[in-house]
Amino acid sequence: MTEQHPLPQPPKNKWKMIKRIFILIIILLIYIWTISSISIRWDKIFSSRTLENFDRIIPRFFQPAVAETESIVEKMIETIFIAYTGSLAAAIIAVPLAFLCASNMVKNKVLNNIGMWILGAVRAFPEIVLAIIFVAAVGPNPFAGVLAIAIGSTGMLGKLYSEVIESIDMHVIEALEASGANKLQILFYGIMPQILPEFLSYAIYRFEIDVRASSVLGIVGAGGIGTLITFAYMNRNWEEVGMILLVIIITVTVIDQISGFIRRRLV
Amino acid sequence: MNKPSTYVPKGIYPFKTKMIMTVALIVVVGFYLVSSIKTESFIIDIFVKLPNVFGLISDFFPPDWGYVAQIWPKLFETIHMAIIATTVAVIVSIPFSLLTANNVTTNNVLYQVMRFVLNLIRTIPDIILAVVFVGLFGIGAFSGIMALIIFSIGILVKLMSEVIEAIDMNPTEAIRASGGNSLQTISFAIVPQVLPQFISFSLYVFELNIRASLVLGYVGAGGIGQLLNKEMNFLNYPAVSSIIIIVFAVVVIIDMISAKLREGLV
Numbered sequence: 001m002t003e004q005h006p007l008p009q010p011p012k013n014k015w016k017m018i019k020r021i022f023i024l025i026i027i028l029l030i031y032i033w034t035i036s037s038i039s040i041r042w043d044k045i046f047s048s049r050t051l052e053n054f055d056r057i058i059p060r061f062f063q064p065a066v067a068e069t070e071s072i073v074e075k076m077i078e079t080i081f082i083a084y085t086g087s088l089a090a091a092i093i094a095v096p097l098a099f100l101c102a103s104n105m106v107k108n109k110v111l112n113n114i115g116m117w118i119l120g121a122v123r124a125f126p127e128i129v130l131a132i133i134f135v136a137a138v139g140p141n142p143f144a145g146v147l148a149i150a151i152g153s154t155g156m157l158g159k160l161y162s163e164v165i166e167s168i169d170m171h172v173i174e175a176l177e178a179s180g181a182n183k184l185q186i187l188f189y190g191i192m193p194q195i196l197p198e199f200l201s202y203a204i205y206r207f208e209i210d211v212r213a214s215s216v217l218g219i220v221g222a223g224g225i226g227t228l229i230t231f232a233y234m235n236r237n238w239e240e241v242g243m244i245l246l247v248i249i250i251t252v253t254v255i256d257q258i259s260g261f262i263r264r265r266l267v
Numbered sequence: 001m002n003k004p005s006t007y008v009p010k011g012i013y014p015f016k017t018k019m020i021m022t023v024a025l026i027v028v029v030g031f032y033l034v035s036s037i038k039t040e041s042f043i044i045d046i047f048v049k050l051p052n053v054f055g056l057i058s059d060f061f062p063p064d065w066g067y068v069a070q071i072w073p074k075l076f077e078t079i080h081m082a083i084i085a086t087t088v089a090v091i092v093s094i095p096f097s098l099l100t101a102n103n104v105t106t107n108n109v110l111y112q113v114m115r116f117v118l119n120l121i122r123t124i125p126d127i128i129l130a131v132v133f134v135g136l137f138g139i140g141a142f143s144g145i146m147a148l149i150i151f152s153i154g155i156l157v158k159l160m161s162e163v164i165e166a167i168d169m170n171p172t173e174a175i176r177a178s179g180g181n182s183l184q185t186i187s188f189a190i191v192p193q194v195l196p197q198f199i200s201f202s203l204y205v206f207e208l209n210i211r212a213s214l215v216l217g218y219v220g221a222g223g224i225g226q227l228l229n230k231e232m233n234f235l236n237y238p239a240v241s242s243i244i245i246i247v248f249a250v251v252v253i254i255d256m257i258s259a260k261l262r263e264g265l266v
């Protein structure tokens, strides 16, 4: 006997629909709020003055001030030194914090959470705010920039490190423990070989980011090429801004290539 | 014959590795010393200058809570700038990320040119973008939005094109084989695979934009950085500390919301 079975109705998920509409309304409200309250003077932006500015600035921008090369390169080297000192300090400070956060190393849940909170709080501070605080604390010199980079990088490196530590093969450690190794031997022969390449790779990656970050810190007086950007901007010296940009682009590209090469060899 | 009793096991690491490690360590430490001397910064200094830091903390505290009322308008402007910039950047990035994905764009020359341009854009610091746009369009939020858009496009296109390159191409073939046109292939084979990641990256870039807009205010491109710069120049530390606390709270809240949203997506 062949009975005609009706096709099953597609499941109606009422709550899902309501949730989606709710999210859509919220997004719409956010956009309405944004567009209605942002103050942009369109008449000023699309005026003849803007066109004049284009004529005046763009050609000057593309005639970099080659005469200033020496002082700019000097500041760029200072920027690299700031990034290097800062990220090396961060790469070292992050290690104990990462072990504190890793749940397979420290079995205490409370300590794990404390470590996570410290790293999370550090990450939430934008680098420029850290730089402001340190400039006020130690004066307007490169040291403030180094401290800002060091603290700012610790948050990210600590998190990445702790993820690396959590993903290691624990069998090796068990085997070492079973054959009577002490804590230090476990650290050197069980944990270190597993984590070292990735730790180094992340540290170098963070150095790449720090070179970019430290080129900005100068605007609050924390040393490096940012200082020159501020001066050039205040004097409307577009040739110099162009030259600074050129130097930054070349330096960052070269450092990216070198660090990419080293990181490919490491992992 | 190899006698087991005289066999001396070698170290875990071969000699060559040890050499490379030693040289690398010397280079790293040496460069550190050079840069420490050049920047006149030794980590020990932080302890020497500790009294200074404590003196500063007493300057910054207590924060000036009466000042908070002046912070809201600029804070909202920062958030609005980030919202608009992220939205525009996402819309612009989608076609560009298709052009920079080597499984969609099979023309190798175009692919290489696009990658080169994007790498170039990503090396420009956001502060220089802001400086140029303020020069062109004058002081105000519009210049900041333009700088944030360019800054976000560089990051978004890179992330998105990597997602597109990693998609499963079999559904595309299946739809092509059953007679779907290009538009149908994109909307039924590519979009469902990449959409969650795209939204996740957009939220991530929104977070980045909130942080980046702090810097923009320093050159007059709108947002809360302007306020920070002004109060810092007046050495009005209680006001600065209340701005910093508010910014910190907002960044944490936005990070938390977007982390929750992203968890639900991917």
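One line per chain: the protein sequences are A and B, in this order.
Using UniProt numbering, the first residue of the first sequence is number 1, and each one after it goes up by one.
Using UniProt numbering, the first residue of the second sequence is number 1, and each one after it goes up by one.
Note that the Cβ used here is the ideal one computed from N, Cα and C, for glycine as well.
Small disclaimer: the values here were computed from a predicted structure and weren't measured.
Nearest-angstrom beta carbon gap, residue j and residue i [assumed within contact, 8 Å]
i                      : j      : result
A:I26                  : B:I84  : Contact doesn't hold; Cβ gap of about 17 Å is too wide.
B:V88                  : B:I149 : 5 Å
B:A221                 : B:F133 : 7 Å
B:T39                  : A:P142 : 4 Å
residue 285 of chain A : A:D169 : Outside the displayed span of chain A (1 to 267) sits residue 285 of chain A, for which this structure offers no information.
A:V106                 : A:N112 : 6 Å
B:M256                 : B:F201 : Contact doesn't hold; Cβ gap of about 18 Å is too wide.
B:L261                 : B:I71  : Incorrect: roughly 26 Å between the Cβ atoms, too far for contact.
For residue j and residue i, the rounded distance between their alpha carbons
i      : j      : result
A:M76  : A:A148 : 17 Å
A:I132 : A:V220 : 6 Å
A:K16  : A:L24  : 12 Å
B:T105 : B:I190 : 14 Å
B:N229 : B:A259 : 30 Å
B:M1   : B:V29  : With a pLDDT of only 49 at B:M1, under the threshold of 50, the placement of this residue in the model should not be trusted; the figure read from the coordinates follows. If you take the alpha carbons of B:M1 and B:V29, they lie about 46 Å apart.
B:I254 : B:M81  : 15 Å
A:E127 : B:T78  : 17 Å
B:R115 : A:E74  : 30 Å
B:V117 : A:A181 : 54 Å
B:T100 : A:I45  : 32 Å
A:T50  : B:A147 : 16 Å
B:G225 : B:V219 : 9 Å
B:Q193 : A:L266 : 32 Å
A:G223 : B:E231 : 20 Å
B:L203 : B:L156 : 11 Å
B:P51  : A:T34  : 45 Å
A:P8   : A:K14  : 17 Å
B:V205 : B:E263 : 16 Å
A:K109 : A:I186 : 22 Å
B:V48  : A:E78  : 23 Å
A:I40  : B:V92  : 21 Å
Bounding residues of the alpha helix (DSSP H) (the contiguous stretch that carries residue i)
i      : result
B:G154 : A141 to E165
B:K49  : Careful: B:K49 lies outside any alpha helix (DSSP H) and carries neither H nor E.
B:E263 : Y237 to L265
A:I132 : E127 to V138
B:D168 : Careful: B:D168 lies outside any alpha helix (DSSP H) and carries neither H nor E.
A:P193 : M192 to L217
A:Y161 : P142 to E166
A:K107 : Per DSSP, A:K107 belongs to no alpha helix (DSSP H) and is neither H nor E.
B:F201 : V191 to L216
A:V247 : W238 to L266
beta-carbon residue i near the ligand GDP non-hydrogen atom, thresh 8 Å
i      : result
A:G218 : Only the bare structure without any ligand can be found here, which leaves the ligand GDP out of the picture.
Under 9 Å between C-beta atoms of residue i and residue j
i                      : j      : result
B:T121                 : B:G154 : Reading the sequence as shown, one finds Ile at residue 121 of chain B and not Thr. Yes, Cβ-Cβ distance for B:I121 and B:G154 is below 9 Å.
A:L245                 : B:I124 : yes
A:G120                 : B:V247 : no
B:G135                 : A:N53  : yes
B:I164                 : B:L75  : no
A:L88                  : A:A203 : yes
A:Y205                 : A:R263 : yes
A:V247                 : A:I225 : yes
A:A137                 : A:A90  : no
residue 351 of chain B : A:Y84  : The requested residue 351 of chain B does not occur in the structure, where chain B is confined to residues 1 to 266.
A:M243                 : A:P64  : yes
B:M19                  : B:N103 : no
A:I229                 : B:I139 : no
residue 294 of chain A : A:S162 : Residue coverage of chain A in this structure runs from 1 to 267, which leaves residue 294 of chain A outside it and unanswerable.
A:G158                 : A:G115 : yes
B:G179                 : B:F188 : no
B:A130                 : B:L183 : no
A:D256                 : A:E198 : no
Would you check if the region 190 to 205 of chain A and the region 66 to 74 of chain A touch, i.e. whether three or more CB-CB distances between them fall below 8 Å? no
Count the C-beta pairs between the region 236 to 243 of chain B and the region 50 to 66 of chain B that are closer than 8 Å, then say yes if the count reaches three, no if not. yes
Count the C-beta pairs between the region 90 to 98 of chain A and the region 152 to 165 of chain A that are closer than 8 Å, then say yes if the count reaches three, no if not. yes
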